[in-house]
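Reading through the structure tokens given below for one structure.
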Amino acid sequence: MTALAERARVAARVPTRFLPVVVTFALFVLMFAGGSLRYDSFASGQVLLNLLIDNSFLVVLAVGMTFVILTGGIDLSVGSVVALSTMVAASLLRAGWPAVPVMLLVLAGGAVFGLAMGAVIHYLVIQPFIVTLAGMFLARGLCYVIDLQSISISDPVFRTIAQTAIPLGDDLFLSPSAVVALVVVAIAVYVLHMTRFGRTVYAVGGNQQSAMLMGLRVGQAKVGVYVISGTCSALAGLLFTFYMLSGYSLHAVGMELDAIAAVVIGGTLLTGGSGFVLGSVLGVLVLGTIQTILSFEGTLSSWWSRIVIGLLLLVFVVLQRVLARRSAAAST
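Using my numbering, you'd call the opening residue of the sequence shown number 42 and step up by one each time.
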């Protein structure tokens with residue numbers, strides 16, 4: 042049996058819903074291996090950990106986006122909420138507020154923002170694209186209301202968190218933000234796969250009418266995912282604040298597209314009902330690997346990352362369509 046036939050036989054044994062995640066994992070391994078072969082210092086544990094450190098805020102953002110897309114929705118406001126969170130945190134710290142109340146207020150604000158959008162989407166039956174687009178403009182506009190200039194952060198608590206390195210031995214370390222991102226991923230996996238709410242999220246994305254006939258709390262799930270997305274956006278904003286140590290109205294421009302790209306590359310169906318948080322994390326790592334390879338190369342424009350991401354998105358959308366048709370054909 043040829044190697045190609047053997048791979049095809051193994052792929053046939055993988056359940057369809059896991060196949061996109063397997064493909065994303067294989068892509069990540071191939072990209073990292075390719076970088077290791079080309080650059081001597083690429084194949085190190087710290088480079089791998091840096092993917093998580095430098096993209097911890099995007100991991101948290103992708104987790105919230107995964108919940109939303111699993112219901113068949115979309116949230117275009119997340120990048121603007123990240124920017125607004127940095128501005129609120131920086132302005133309150135500048136005004137003399139203690140760090141902990143600032144963090145709690147930012148998280149509460151993100152949850153309320155998500156709750157408002159989710160309630161409008163569900164109870165007024167308005168398309169998520171329109172509601173979250175309005176939320177995007179609103180959050181970005183509020184940034185400019187707070188201040189037109191960048192606000193640097195000198196608060197000792199924020200600076201300590203930003204500069205702390207958690208040693209892992211053998212010259213390896215993680216940042217507190219990366220640890221927070223891992224905790225968020227673990228909680229999200231538990232909620233989606235071990236709770237009634239998580240099962241309802243999948244059911245709503247699969248077939249909302251059937252979920253209603255089954256007596257599931259569809260409204261609670263549809264509003265709840267936007268609360269989760271808003272909270273994750275605010276938390277990502279705090280992590281981004283630690284990363285940049287500043288608040289700025291132009292922070293996180295286009296980051297909502299990066300989050301959506303990571304979720305889609307991670308195998309979550311845009312139509313909802315199928316996908317995994319771990320797949321979204323792999324999607325973020327793929328995006329981070331592209332940026333890292335460009336950084337090691339040094340001679341390529343950063344816009345090449347957008348070109349590669351666009352091509353990957355196209356490939357994964359086509360893959361999703363092929364798998365959906367194959368699944369439909371198998372069920373008939």
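Beta carbons: idealized from backbone N, C-alpha and C, even for Gly. None of the values given here were measured: they were computed from a predicted structure.
C-alpha gap between residue i and residue j, whole angstroms
i      : j      : result
Leu360 : Thr309 : 11 Å
Ala74  : Ala84  : 8 Å
Pro56  : Val322 : 20 Å
Ser251 : Ala124 : 38 Å
Gly76  : Leu254 : 51 Å
Leu68  : Leu328 : 11 Å
Ser433 : Phe357 : Past the edges of the chain, shown from 42 to 373, lies residue 433, and the structure says nothing about it.
Gly331 : Phe337 : In the sequence as displayed, the identity of residue 331 is Ile instead of Gly. When rounded, the distance between both Cα atoms is 10 Å.
Ala203 : Val143 : 16 Å
Ile228 : Phe199 : 24 Å
Gly86  : Phe108 : 30 Å
Gly278 : Gly260 : 27 Å
Arg362 : Thr127 : 38 Å
Ser274 : Leu257 : 27 Å
Tyr284 : Arg79  : 29 Å
Val224 : Leu111 : 20 Å
Arg347 : Pro139 : 39 Å
Val161 : Val172 : 7 Å
As assigned by DSSP and simplified to three states, the class of residue i
i      : result
Ser85  : coil
Pro208 : strand
Leu353 : helix
Gly288 : strand
Ile228 : helix
Leu156 : helix
Phe317 : coil
Ile162 : helix
Ile192 : strand
Leu310 : coil
Leu215 : strand
Gln168 : coil
Thr112 : coil
Trp344 : helix
Ala136 : coil
Asn91  : helix
Leu125 : helix
Pro61  : helix
Met42  : Note that Met42 scores 44 on pLDDT, short of 50, meaning its location in the model is unreliable; the coordinates nonetheless yield the value given after this. Reduced to three states, the DSSP call for Met42 is coil.
Gly339 : coil
Ser118 : coil
Tyr80  : coil
Pro56  : coil
Whole-Å CB distance - residue i paired with residue j, under 8 Å assumed
i      : j      : result
Gly271 : Gly120 : Between Gly120 and Gly271 the Cβ distance is about 13 Å, and since that is not below 8 Å, they are no contact.
Gly288 : Ala149 : Not really, about 17 Å apart at Cβ, beyond 8 Å.
Asp81  : Tyr267 : In fact, because the Cβ distance is near 46 Å, the residues do not count as touching under 8 Å.
Gly320 : Thr65  : 6 Å
Leu99  : Val325 : 5 Å
Ser216 : Ala206 : 7 Å
Val23  : Ser97  : The structure shown has nothing for residue 23, since the chain only spans 42 to 373.
Leu276 : Ile306 : Actually they are not in contact, since the Cβ atoms of Leu276 and Ile306 sit about 22 Å apart, beyond 8 Å.
Gly114 : Pro169 : 4 Å
Exercise. With a cut-off of 8 Å, do at least 3 Cβ pairs link the segment 303-321 to the segment 150-165?
Worked result: no
Exercise. Between the segment 239-256 and the segment 90-99, do at least 3 Cβ pairs fall closer than 8 Å?
Worked result: no
Exercise. Do three or more CB pairs link the segment 176-185 to the segment 222-240 at distances below 8 Å?
Worked result: no
Exercise. Taking three-plus beta-carbon pairs below 8 Å as touching, is the segment 100-113 in contact with the segment 295-306?
Worked result: yes
Exercise. What are the uninterrupted segments assigned as beta strand (DSSP E) that are 3 or more residues long and contained completely in the segment 235-310, given in chain order?
Worked result: none
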